[in-house]
Amino acid sequence: MAPCSLLPLLLTLSTALQLHDLSTDHQDWDYKHGRRSQSPSCKWKCMQFTLQWPGGFCQSLYNESLCQIPPNINTWTIHGLWPQRVQRCCECWPLFLYDVQELEAELSERWPSLVKFKSSFQFWKDEWEKHGACAACVEELKGPRKYFQICLKLRQHFDIHRLLDDAGITPSCQRPYEVDEVHRVLTPLLGRKHELECVTDQQDRQVWFQVKTSLFPNLTIDCVHHRDADAMAAGSGRSYSRGHACPTDVPLYYLPIDHHHWGAEPVPDRPPPLGGGACT
Ligand SMILES: *[C@@H]1O[C@H](CO)[C@@H](O)[C@H](O)[C@H]1NC(C)=O
Ligand SMILES: *[C@@H]1O[C@H](CO)[C@@H](O)[C@H](O)[C@H]1NC(C)=O
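As C-alpha cells, this is what we get:
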C-alpha cells in the first residue's frame, strides 16, 4: 500500500481510539487534516495586521538594491497578518499554488513581494507558513484560502491611503508630517493601538514605511496584550528590515513611490539609488 493511502486509515484509527488529544500541544499538530472536529483553542490573544508603504519600504532594507517595486503598485500593500506571541508556528501546513490560485490576481496586486530575491508566491508561502498556519485555530481563518481572503478584506477595509489623502496627508518629498497628526487621522480606522514604523534615511530623516494594527481574533481593532510589545521586538521576519517605531518628537516623511528607481528594469542613465528614492 502506498504511504499516502494509509493516511485516511490512520486518521480513522486515531479518532476511533480517541488518541487525538495527545497531539493537542504537540508542535506537529496537524491543522490541515484536523484530528479533531473542532479547532484547537488559540494560544494567542491578538493579531497584528501590517501594511507596507512602497515609498519607504526600499529604504527599510539593509541592502536597498534588493528592492523592486512592481510597476502597477501605487498604494499600501499587505505585509501580513500575524498572531502575536507565537513562539513558533507548526510549519506543518505547507502552501501550494493551487491553494491561492483563485486569489492570485488580487494577491499580486495587494500583496506583492517588493524584493528581488523573493517571488510574490514565495512571500505568501513564507507568511502563511510562519504566521497563517498559527491563525488556523480561528474558524474564519482556518486554511490558506480563508486566511488570504480575510487579509484581502482587511486590506480593503483599512484603506489608509484614502483616509490620509482625505486628510491632506499625501506623499511628498519636501513636506514632513507630525507623527501625532498621522496618528490622529488613522485612529478612527486603525484603533488607538496602531503603530507607525519608520527608518532613518541617509539624510537623517524619519521615513515612514509600515503601519501595524492590533486585532482580536474576531478581527475587531484595539486588541491589547501586555506582553505583545516584547514579542514584537523579538519578532520574526524582520531580519532584513532596519525599521523602528517612528519617534514622536520629530516629523516623518511620507515619500512618493519611485518606480523609476525601484522598477524591474534597471535605469541605465541614472546612478544607483542612494536612499532618497524619488526625492534625490
Ligand atoms: C546588495 O545586493 C546586491 C544585489 O544582489 C549585491 O550585489 C551587493 O553585494 C549587496 N550589497 C551588500 C552590502 O550586501
Ligand atoms: C470581539 O472580541 C472582543 C474580545 O473578545 C470582544 O470584546 C468584542 O466584543 C468582540 N466584538 C464582536 C463584534 O464580536
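So the sequence shown is numbered by the working numbering: it starts at 82 and just counts up by one.
Don't be surprised by glycine CBs; every beta carbon is placed ideally from N, CA and C.
DSSP bridge partner residues for residue i (one or two, in chain order)
| i | result |
| --- | --- |
| Val280 | Val288 |
| Val196 | Cys148 |
| Thr329 | DSSP output for Thr329 lists no bridge partner at all. |
| Tyr334 | Val288 |
| Thr131 | Gly161 and Lys293 |
| Tyr258 | Leu333 |
| Ile154 | According to DSSP, which records beta bridges pairwise, Ile154 is partnered with nothing at all. |
Coil, strand or helix - residue i by DSSP
| i | result |
| --- | --- |
| Ser253 | coil |
| Lys211 | helix |
| Leu296 | strand |
| His340 | helix |
| His238 | helix |
| Gln165 | coil |
| Ser322 | strand |
| His160 | strand |
| Ile231 | helix |
| Leu244 | helix |
| Thr268 | helix |
| Leu142 | strand |
| Trp110 | Residue placement at Trp110 is flagged as unreliable, the pLDDT there being 45, under the threshold of 50; the coordinate-derived value follows with that caveat. Residue state, collapsed to three classes: coil. |
| Gly115 | Below a pLDDT of 50, predicted positions are generally treated as unreliable, and Gly115, at 46, falls in that range; the measurement from the model is reported next regardless. Gly115 falls in the coil class under three-state DSSP. |
Residue from the options whose Cα sits closest to the Cα of residue i
| i | options | result |
| --- | --- | --- |
| Thr268 | Ser201, Leu245 and Gln255 | Leu245 |
| Cys166 | His306, Phe138 and Val263 | Going by the sequence as given, residue 166 is Arg instead of Cys. Considering only alpha carbons, the answer is His306. |
| Leu277 | Phe138, Lys124 and Lys126 | Phe138 |
| Gln237 | Gln283, Glu187 and Lys199 | Glu187 |
| His325 | Val288, Tyr179, His340 and His264 | Val288 |
| Asp339 | Cys360, Thr329 and Asp330 | Cys360 |
| Asp282 | Glu185, Trp343, Ala214 and Glu145 | Glu145 |
| Thr329 | Tyr179, His264, Ile241 and Gly272 | His264 |
| Leu270 | Ser200, Ile241, Asp247 and Ala248 | Ile241 |
| Trp125 | Tyr143, Ala214, Phe202 and Lys199 | Ala214 |
Chain D within 7 Å of residue i, Cβ atoms only
| i | result |
| --- | --- |
| Thr329 | Annotation note: the requested chain D is absent from the structure, which comprises a single protein chain. |
Residue i and residue j closer than 7 Å at C-beta
| i | j | result |
| --- | --- | --- |
| Lys211 | Leu147 | no |
| Ser290 | Ser122 | Before going further, note that residue 290 is Phe rather than Ser in the sequence given. Not in contact: Phe290 and Ser122 (Cβ atoms no closer than 7 Å). |
| Tyr334 | Arg286 | yes |
| Ser194 | Phe204 | yes |
| Leu327 | Val266 | Reading the sequence as shown, one finds Cys at residue 327 and not Leu. No; because the gap between Cβ atoms is not below 7 Å, this pair is not in contact. |
| Pro298 | Val219 | yes |
| Val280 | Arg243 | no |
| Pro363 | Ala217 | With the chain covering 82 to 361 only, the question about residue 363 has no answer from this structure. |
| Pro337 | Gly136 | yes |
- Message: Contact between the region 288 to 302 and the region 148 to 155 is defined here as three or more beta-carbon pairs at a separation below 8 Å; is this criterion met?
- Response: no
- Message: Any contact between the region 129 to 137 and the region 290 to 298? By contact I mean 3 or more CB pairs, one from each, below 8 Å.
- Response: yes
- Message: Would you call the region 224 to 242 in contact with the region 154 to 163, where contact means no fewer than 3 C-beta pairs closer than 8 Å?
- Response: yes
- the region 214 to 233 / the region 248 to 263 touching (three or more Cβ pairs under 8 Å): no
- Counting pairs of Cβ atoms below 8 Å between the region 199 to 217 and the region 164 to 180, do you hit three or more? yes
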